[in-house]
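Numbering (UniProt numbering), first residue to last: 1 to 85.
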């Protein structure tokens with residue numbers, strides 16, 4: 001249900017800039033970037049050491065995100081534990 005209701009917000013950071021929280025802390029070891037479909041927050045994936053997108057969901061309750069990788073087109077709902085396109 002959350003994926004169907006998800007919007008496409010304006011990203012709060014450009015793709016080429018990396019994970020903003022990792023960069024701010026002096027880290028360069030994120031794996032992939034994710035985009036919050038509620039507010040446009042950009043964070044690193046769960047394969048990255050600091051898992052900023054999951055932390056964002058835990059802190060805000062925002063239910064859905066999508067891959068922010070140029071060659072990927074999928075979404076994830078944290079609440080429903082559901083993958084979508």
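Quick reminder that beta carbons are idealized off the backbone N, C-alpha and C, glycines included.
Since we're looking at a predicted model, the values are computed, not measured.
- In this chain, residue 79 is not harboured by any beta strand (DSSP E), its DSSP state being neither H nor E.
- Contact check for residue 35 and residue 1: beta-carbon distance about 19 Å, past the 8 Å limit, so the pair fails to qualify.
- Taken in chain order, the unbroken stretches of beta strand (DSSP E) that lie wholly in the UniProt domain "UBP-type" (1-85) and span 3 residues or more are 33-36, 42-44, 64-67, 75-77 and 82-84.
- In this structure, the beta-carbon distance from residue 54 to residue 31 does not fall below 8 Å.
- CA-to-CA, the gap between residue 78 and residue 25 works out to about 26 Å.
- Looking only at 41, 60, 49 and 75, the smallest Cα-Cα distance to residue 17 is reached by 41.
- The alpha-carbon of residue 43 is positioned some 22 Å away from that of residue 4.
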